[in-house]
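First the structure, in the form of structure tokens, and then the observations on it.
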Amino acid sequence: MRVGRVFRRTAALGGLVVLLLILAPLLFIGTQCVGTGGASRMHDIPAAAAGLPGYVRPGAATYLALPEWYVIYGIEEYAAAIEGGAPSRFPYFGAIRQFWSYYRSACVVTRNQYPFDTGVHLMLGVVGMGFSVENALKGAYEKTLGRITEWIAGHDTPEDAFAARTARECARFMRTRPWYEFPFADRLEALWTDVPLQGPHAIRKWERRVVLTVEYGSKALYGLLVRSAARVAGAGDHEIHALAENVPDRVFADARIRKVRSAGPRAYLLGLPRGEAFTEIVPGLVRQGVRFREIAGNDEIFLTVRARREWAFGLGPGRVVVAEPLLTDRGVQRVGIAAPVPALHTVLGNLQHGGAVLEHLYDY
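To convert a position in the sequence shown, counted from 1, into this note's numbering, add 1026.
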């Protein structure tokens, strides 16, 4: 009877936790991201893009990409922090707060200007809860039991170094591919085959092995499920179109830049890769004199820069959407800027003189 009662209470508590994990992001989305919604801000499709499938993309996507990319930024900061410091000192709960703060900032811009995209917001809600749960569990553990083993034996075991390298590799991987394709199972195997079982600080070594085994093992299984679902859903489009003028022929020496259609003398509809490569290519094109008229049918694009805390936006066109200090370096801030696409060259050109460094250009 007593065992049954404990089991029922445990099941009820587990069910309540699951319900909260489902309701919390829905409540956030409903209160922060749902607004009047705007009609599409898209003007007439230019003749060069007429009939081109996938040319127009939702304008809200450039802003809503920020919280998804913040997951990568958070992992990068975590990797840098544990490479030279104690895992217990990383601000796990600050990372949770910052994710939802960035998400809210994106919603403030989009909720009354662009149509609401249910699929995108549900995806961000799932990503946000996964990120939050992982950091909450890590924070609760590292600041209690993890801190105890640090106090007993430090944090310089081969297992600690392995965890830092893996976090760095994962963050680098996620810049070009989905997280669920990262080989967590291989990293788990390497933990037990490549990292010596013997060595000093045995308590810390084996505590780290257990923690990392649970982390990599659970992520490998969850990634397998998500990867299977992604295959069923089909692959996404990896190219985005941009209408540009003053395009020199030499830019096409880069195989990543595709000439889709001519739009006039030295004007073309270009095919550009999405994601990390987009941020690499566009500033290079601007430096060669290319001027963008619109990207994916939109006349506004979002970008983030890193700058000292005292830096203030004064780059001419555009407006600041969000500004937050980095988790692990409060003297540096991440500033999100909405820039008109036709004036993108002005904003990017002035960055080098303003003491800020471009972090990312968010495509659609």
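All C-beta atoms, glycine included, are put in the ideal place defined by N, C-alpha and C.
How would you label residue i, buried or exposed, when you count the other beta carbons within 10 angstroms and need 16 or more for buried?
i: Ser-1114; result: buried
i: Met-1200; result: buried
i: Ala-1281; result: exposed
i: Thr-1202; result: exposed
i: Arg-1137; result: buried
i: His-1386; result: buried
i: Gln-1124; result: buried
i: Thr-1219; result: exposed
For residue i, I'd like the list of residues in its chain whose CB is within less than 8 angstroms of its CB, leaving aside the five on either flank, ordered along the chain.
i: Ala-1259; result: Unreliable placement is indicated for Ala-1259, whose pLDDT of 48 sits below 50; no coordinate value is reported for it.
i: Gly-1172; result: Pro-1113, Ser-1114, Glu-1233 and Val-1237
i: Arg-1276; result: Gln-1314
Closer than 7 angstroms by C-beta to residue i: which residues in its own chain qualify, once you throw out the five before and the five after it? Chain order, please.
i: Gly-1297; result: Glu-1265, His-1267, Arg-1284 and Val-1286
i: Leu-1214; result: Thr-1239, Tyr-1242, Gly-1243 and Ala-1246
Taking the alpha-carbon positions, what's the residue i to residue j distance?
i: Ile-1108; j: Gly-1077; result: 51 angstroms
i: Thr-1144; j: Asp-1355; result: 35 angstroms
i: Tyr-1128; j: Ala-1365; result: 17 angstroms
i: Glu-1176; j: Ala-1369; result: 51 angstroms
i: Cys-1059; j: Val-1152; result: 15 angstroms
i: Glu-1094; j: Leu-1150; result: 7 angstroms
i: Thr-1170; j: Tyr-1118; result: 13 angstroms
i: Ala-1192; j: Ala-1333; result: Before going further, note that residue 1192 is Thr rather than Ala in the sequence given. Thr-1192 and Ala-1333: Cα-Cα distance of roughly 28 angstroms.
i: Cys-1133; j: Phe-1339; result: 21 angstroms
i: Tyr-1390; j: Ala-1216; result: 37 angstroms
i: Tyr-1099; j: Arg-1130; result: 17 angstroms
i: His-1181; j: Leu-1295; result: 53 angstroms
i: Val-1221; j: Asp-1186; result: 10 angstroms
i: Ala-1073; j: Leu-1250; result: 44 angstroms
i: Phe-1328; j: Gly-1301; result: 13 angstroms
i: Tyr-1104; j: Thr-1183; result: 17 angstroms
i: Pro-1084; j: Asp-1263; result: 14 angstroms
i: Val-1159; j: Leu-1092; result: 19 angstroms
i: Tyr-1388; j: His-1227; result: 45 angstroms
i: Val-1347; j: Ile-1071; result: 27 angstroms
i: Leu-1377; j: Gly-1357; result: 18 angstroms
i: Thr-1088; j: Gln-1224; result: 49 angstroms
Roughly how far, in whole angstroms, is the beta-carbon of residue i from the beta-carbon of residue j, given that I think they are within contact range, below 8 angstroms?
i: Ala-1189; j: Leu-1247; result: The pair is not a contact, with the Cβ atoms about 19 angstroms apart (cut-off 8 angstroms).
i: Ile-1178; j: Arg-1230; result: 7 angstroms
i: Glu-1326; j: Leu-1269; result: Not a contact, Cβ separation roughly 14 angstroms.
i: Pro-1343; j: Gly-1315; result: Actually they are not in contact, since the Cβ atoms of Pro-1343 and Gly-1315 sit about 18 angstroms apart, beyond 8 angstroms.
i: Val-1082; j: Ala-1322; result: 7 angstroms
Tell me which same chain residues have a C-beta within less than 6 angstroms of the C-beta of residue i, skipping the five on either side of it?
i: Leu-1374; result: Pro-1309 and Val-1312
i: Ala-1293; result: Glu-1271
i: Pro-1351; result: Gln-1359
i: Asn-1161; result: Tyr-1118, Ala-1121 and Ile-1122
What residues match up with residue i in a beta bridge as DSSP calls it?
i: Thr-1330; result: Gly-1362 and His-1386
i: Ala-1112; result: According to DSSP, Ala-1112 bridges with nothing at all.
i: Arg-1317; result: Glu-1271
i: Pro-1351; result: Gln-1359
i: Tyr-1294; result: Ala-1270 and Ser-1288
i: Asn-1324; result: Ile-1321
i: Arg-1345; result: Ala-1364
Check whether the Cβ of residue i lies closer than 9 angstroms to any Cβ atom in chain C.
i: Thr-1372; result: No chain C appears in the structure shown, which is made up of a single protein chain.
What I want to know is whether the C-beta of residue i ends up closer than 8 angstroms to one or more non-hydrogen atoms of the ligand FAD.
i: Thr-1219; result: Absence of the ligand FAD is noted for the structure shown, with no ligands found whatsoever.
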